[in-house]
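Q: Count along the sequence shown starting at 1, add 1, and that's the number in this note's numbering. Here a beta-carbon is modelled for each residue, glycine too, at the ideal position from N, C-alpha and C.
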Amino acid sequence: MKQRNEEIQVLISQEDVEKRIRELADELSSVYAGKELHMICILKGSVFYTCELAKHMSIPVTLDFMSVSSYGDGQESSGIVKIIKDLEQSIEGRHVLLIEDIIDTGNTLFHLKGILEKRKPASLAITALLDKPDRREAEVAVDYTGFRIPDKFVVGYGLDCAQKYRNLPYIGVLEEA
Ligand code: IMP
Ligand code: MG
Numbered sequence: 002m003k004q005r006n007e008e009i010q011v012l013i014s015q016e017d018v019e020k021r022i023r024e025l026a027d028e029l030s031s032v033y034a035g036k037e038l039h040m041i042c043i044l045k046g047s048v049f050y051t052c053e054l055a056k057h058m059s060i061p062v063t064l065d066f067m068s069v070s071s072y073g074d075g076q077e078s079s080g081i082v083k084i085i086k087d088l089e090q091s092i093e094g095r096h097v098l099l100i101e102d103i104i105d106t107g108n109t110l111f112h113l114k115g116i117l118e119k120r121k122p123a124s125l126a127i128t129a130l131l132d133k134p135d136r137r138e139a140e141v142a143v144d145y146t147g148f149r150i151p152d153k154f155v156v157g158y159g160l161d162c163a164q165k166y167r168n169l170p171y172i173g174v175l176e177e178a
């Protein structure tokens, strides 16, 4: 592995993450066979997951990006979801896949789902690369989950801690100092 960081303990290797994403791409490609899938990436955490997933899809896909804030630079969810950057394209009548890096309290996805449903997509499914079920506050159904993980603060593969570590090609746990 080319990038190892002393403070980070590997939780899911790059190989395992990418293998699981290929499986999800295969599953999604067959679920949406004959249709076009509009993939919505939630910036910035989901960028790596979205790209890897899109690369392995065997059906036509389109991409759009949205940025919301739920955390400051800390590690606790504020429960408030604010749109920082909205989608560029309309989702009305389209098959939409909302792509998140991680579901923790569920507040972000709960609010986002509500916002997008009002825009009348033909269908709306949710995928999250990681699921931390222990801290759930809002009930929201994730249709396609990559990995269920324990209640630890993770970084890498798009996930950050105060904007750092997003570029790590694996999922790791920050060691307590
Ligand atoms: P939720 O609203 O609590 O479900 O949190 C969702 C958002 O919080 C994610 O999109 C992440 O940006 C962030 N988040 C939650 N847990 C972690 C973590 O362990 N590492 C990095 N970011 C996290
Ligand atoms: Mg996020």
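#1: Would you report the Cα separation of Glu140 and Phe154, rounded to the nearest angstrom?
#2: Could you compute how far the alpha carbon of Thr63 sits from the alpha carbon of Lys36?
#3: Thinking just about the alpha-carbon of each residue, which of Val32, Ala26 and Lys45 is nearest to the one in Ile85?
#4: Output the boundary residues of the beta strand (DSSP E) element that contains Cys42.
#5: Once you ignore the five residues that flank Leu54 on each side, which residues in its own chain have a CB closer than 8 angstroms to its CB?
#6: Could you tell me which of Glu138, Thr51, Ile92 and Leu110 sits nearest to Arg120, measuring between CA atoms?
#7: To the nearest angstrom, how far is it from the Cα of Lys83 to the Cα of Val69?
#8: Between which residues of its own chain and Leu130 is the CB-CB distance below 6 angstroms, once the five residues before and five after are set aside?
#9: Please state whether the Cβ-Cβ distance between Ile150 and Lys133 is less than 7 angstroms.
#10: Rounding to the nearest angstrom, what Cα-Cα distance links Val18 and Arg137 in this structure?
#11: Quick check on DSSP: helix, strand or coil for Leu169?
A: According to the structure data:
#1: Working through the sequence shown from its first residue, we reach residue 140 at position 139. Working through the sequence shown from its first residue, we reach residue 154 at position 153. Cα to Cα, Glu140 sits roughly 21 angstroms from Phe154.
#2: For the purposes of this step, residue 63 is taken as residue 62 along the sequence shown, with counting starting at 1. For the purposes of this step, residue 36 is taken as residue 35 along the sequence shown, with counting starting at 1. Taking the straight line joining both Cα atoms gives about 11 angstroms.
#3: Looking up residue 85 in the sequence shown gives position 84. Closest by alpha carbon: Lys45.
#4: Reading the sequence shown from its first residue, position 41 is the one you call residue 42. Segment Leu38 to Leu44, the beta strand (DSSP E) holding Cys42.
#5: In the sequence shown, the residue the question calls residue 54 occupies position 53. Once the five neighbours on either side are set aside, the close Cβ partners of Leu54 are Ile22, Leu25, Ala26, Leu29, Met40, Ile100 and Thr128.
#6: What you label residue 120 is simply residue 119 of the sequence shown in a count that begins at 1. Of the listed residues, the one whose Cα sits closest to Arg120 is Ile92.
#7: In the sequence shown, the residue the question calls residue 83 occupies position 82. In the sequence shown, the residue the question calls residue 69 occupies position 68. When rounded, the distance between both Cα atoms is 5 angstroms.
#8: Position 129 of the sequence shown, counted from the first residue, corresponds to residue 130. Contacts found: Tyr50, Asp102 and Gly147.
#9: Here residue 150 refers to the residue found at position 149 when the sequence shown is read from its first residue. Here residue 133 refers to the residue found at position 132 when the sequence shown is read from its first residue. Yes, the Cβ-Cβ distance between Ile150 and Lys133 is below 7 angstroms.
#10: Residue 18 sits at position 17 when you count from the first residue of the sequence shown. Residue 137 sits at position 136 when you count from the first residue of the sequence shown. Their backbone Cα atoms lie some 23 angstroms apart in a straight line.
#11: Indexing the sequence shown from 1 puts residue 169 at position 168. Three-state result, Leu169: coil.
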